[in-house]
Structure formats: C-alpha cells, structure tokens
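Asker: Heads up: the sequence shown runs through residues 1 to 273, numbered per full-length UniProt numbering.
Backbone N, C-alpha and C fix where the C-beta goes; we use that ideal spot for every residue, glycine too.
Pasting a structure below so you can have a look.
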Amino acid sequence: MIVLAATPIGNLGDASRRLVETLSNASVIAAEDTRTAVHLMRALGIENRPRLIALHEHNERERAADVVALAQDDDVVVLTDAGMPAISDPGFPLVAAAAEAGVTVTAIPGPSAVLTALAVSGLPTDRFTFEGFPTRKQGERRRSFEALAGERRTMVFFESPHRLGDTLADMAAAFGDDRRAVVCRELTKLHEEVRRDTLGELAAWAADGSRGEICVVVEGSSGSDDVTSLDDGVRLVLERVAAGSRMKEAAAAVADATGLSKRDLYEGALAAK
C-alpha cells in the first residue's frame with residue numbers, strides 16, 4: 001500500500017497524531033528530500049530509522065515502478081517537504097502508476113497551503129480552482145492569465161517571493177486593477193501575513209520585493225453582470241491593452257468574461273484607438 005502523508009507547512013504543532021504513529025512504524029519512506037524527512041522525524045521525537053528512498057520531480061517517473069513494486073509487499077509512506085504529496089508536489093506519477101498496477105493508495109490528511117489560503121482569504125470558497133505556480137516567462141504568464149480572465153471561480157496560485165511583484169502586475173493587467181485578491185505569506189509560521197486589497201494595490205505593494213512562501217488568492221470574474229453593451233466591452237479591452245496586453249489577447253479575454261463577440265470587441269477596439 002502507498003500512504004500519502006501530509007506534513008506541516010510551517011508549524012510543527014500541526015503534525016497529526018496519525019502522522020506521528022505512521023512515521024514511527026514505517027519501514028519504507030519515499031521522500032522528496034530524505035534530509036528533510038529525517039529532520040522532521042527527529043523534530044517529532046521519532047526514533048524509527050526506516051529505509052529512505054528519494055522521490056522528487058526529477059526522478060519520480062523513472063522510480064515510480066520500483067516504488068509500486070515495493071508497495072505490493074509493504075507499506076510505503078510518501079512525504080514531500082511540506083503539505084500533501086501530489087498537490088503541486090511530487091506524487092501524481094506514483095499514484096497513477098499504483099492505480100494502474102492495482103496497488104492501494106490512501107492518504108493521511110493534514111496541512112494544505114492551498115486550502116489554508118483559501119479559507120482565510122475572505123473570498124468565495126464554494127467553488128475554486130488551484131492553478132499552481134504561474135510560468136516564469138512573462139509572455140506565457142500573461143497569456144495564461146488572459147485565458148483565465150473569465151474564470152468565475154476563486155483562483156489560488158503559488159508564487160516565489162522574487163516574482164510576486166511581476167506576477168501581480170500581470171494579473172492586474174489581465175483581470176483588472178480593481179479585482180479583489182489576497183496575498184498570504186508564511187502561512188502558519190511566526191511571521192504569517194494575510195494582505196487583502198485590489199490587484200492594482202497589491203502589485204504596487206509587492207513591487208519592492210517580498211519574502212517567504214507565497215499564496216495568491218484571486219476573486220473570480222463576475223462575468224457579464226459588469227458589461228451590458230459592446231461599448232463597455234471595448235472599454236475593458238482598451239484598459240487591458242493600456243496595461244500591457246496584446247489587442248487580440250485582451251479581446252479574447254473580455255469575450256470569455258462577457259459573452260460578447262471577440263471579433264466585434266477586437267474591431268471596436270481598433271476603431272477606438
């Protein structure tokens with residue numbers, strides 16, 4: 001059997017009794033970083049010394065078959081550096097291989113940066129989508145945000161601190177300066193910070209850089225409720241172009257969000273320039 005074990009994302013006190021018991025009795029642990037796994041066990045006062053296997057993004061596809069073979073005769077506990085394995089962390093290829101081989105997969109629920117950020121954001125939680133880390137290349141990142149401009153569900157992203165300012169600026173260009181958003185920094189840690197504002201204000205705040213582990217939660221689009229005419233749609237297209245978007249991408253994003261014709265929006269924006 002394969003056991004996906006959620007570990008603390010910043011506060012050791014969030015380790016569950018079930019996690020401690022499982023690690024105390026484990027004979028095989030597949031870890032994203034074996035050194036981190038050893039450090040965690042020591043911090044939890046666990047004296048068990050199981051067999052450790054490195055399973056990370058660079059080798060998990062090649063090593064999945066070997067781990068699945070082990071799991072047919074023994075329980076293999078899977079750990080990532082923090083949070084739940086397979087959620088923007090190593091684990092998905094292994095779980096897929098195990099399912100294909102008929103090996104049981106279970107999980108020890110626990111800390112999750114995605115759900116923690118969503119819960120404290122103050123934005124709608126009934127429907128949401130997790131988008132992981134935006135791409136590092138600005139052009140691709142902007143296009144991906146343009147494609148999400150009409151998304152009505154609350155969106156959750158991870159981001160590194162040194163790219164946060166640029167990412168928030170690109171979000172403001174794609175989603176609008178006034179779209180509500182929340183930056184969650186160092187969740188569950190001593191210097192936890194939850195900053196709620198518009199994307200425009202958050203982009204200005206983050207322009208000088210930030211530190212720590214970052215989650216960004218963005219309000220979903222309100223859709224056609226905000227736009228009642230083609231003129232309104234053209235205005236939104238021009239606002240996006242002024243913020244740095246390409247005309248075609250801006251027209252497509254507004255069309256997705258409003259239901260207006262992309263061609264009409266594009267031609268109207270060209271005529272208005």
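How would you call E186, buried or exposed, if buried means at least 16 neighbouring beta carbons within 10 angstroms?
Answerer: Numbered from 1 along the sequence shown, position 186 holds the residue referred to as residue 186. Buried, since its Cβ has 16 or more Cβ neighbours within 10 Å.
Asker: So T154 and E213 are in contact, right, with Cβ under 8 Å, and what is the actual spacing, rounded?
Answerer: The residue labelled residue 154 in the question sits at position 154 within the sequence shown. The residue labelled residue 213 in the question sits at position 213 within the sequence shown. Rounded, the Cβ-Cβ distance is 20 Å, inconsistent with contact.
Asker: Here's the rule: buried if 16 or more other CB atoms are within 10 angstroms of the residue's CB, otherwise exposed. What is P90?
Answerer: Taking the sequence shown and counting its residues from 1, the one referred to as residue 90 is at position 90. It is buried - the Cβ of P90 has at least 16 other Cβ atoms within 10 Å.
Asker: Taking Cβ to Cβ, would you say A30 is nearer than 7 Å to V95?
Answerer: On the sequence shown, position 30 is the one that residue 30 refers to. On the sequence shown, position 95 is the one that residue 95 refers to. Their beta carbons are not under 7 Å apart, which means A30 does not touch V95 by this criterion.
Asker: Can you list the alpha helix (DSSP H) stretches of 4 or more residues lying completely in the region 47-102, in chain order?
Answerer: With a minimum length of 4 residues, the continuous alpha helix (DSSP H) runs that stay inside the region 47-102 are 60-71 and 92-101.
Asker: Between which two residues does the beta strand (DSSP E) carrying L4 extend?
Answerer: Taking the first residue of the sequence shown as position 1, residue 4 is located at position 4. Looking at the DSSP string, the run of the beta strand (DSSP E) that includes L4 is I2 to A5.
Asker: Which residue or residues does DSSP assign as beta-bridge partners of G132?
Answerer: Here residue 132 corresponds to residue number 132 of the sequence shown, with the count starting at 1. In DSSP, G132 forms a bridge with F157.
Asker: Using a Cβ-Cβ cut-off of 6 Å (strictly less than) and excluding sequence neighbours within five positions of S210, which residues of its own chain qualify?
Answerer: Residue numbering aside, residue 210 sits at position 210 when the sequence shown is read from its first letter. The answer, listed in chain order, is P161 and L164.
Asker: Return helix, strand or coil for A250, following the three-state DSSP convention.
Answerer: Taking the first residue of the sequence shown as 1, we reach residue 250 at position 250. Three-state result, A250: helix.
Asker: Compute the minimum distance between the beta carbon of D89 and the heavy atoms of the ligand ZN, and state whether it is under 6 Å.
Answerer: The ligand content of the structure shown is nil, which means the ligand ZN is not present either.
Asker: Can you give me the start and stop residues for the beta strand (DSSP E) that A107 sits inside?
Answerer: For this step, residue 107 is matched to residue 107 along the sequence shown. Per DSSP, A107 belongs to the beta strand (DSSP E) from V105 to I108.
Asker: Leaving out five residues on either side along the sequence, give the residues of the same chain with a beta carbon under 6 Å from the beta carbon of P8.
Answerer: As a first step, residue 8 must be located in the sequence shown, where it is residue number 8. Same-chain partners within the cutoff: D14, A15 and P111.
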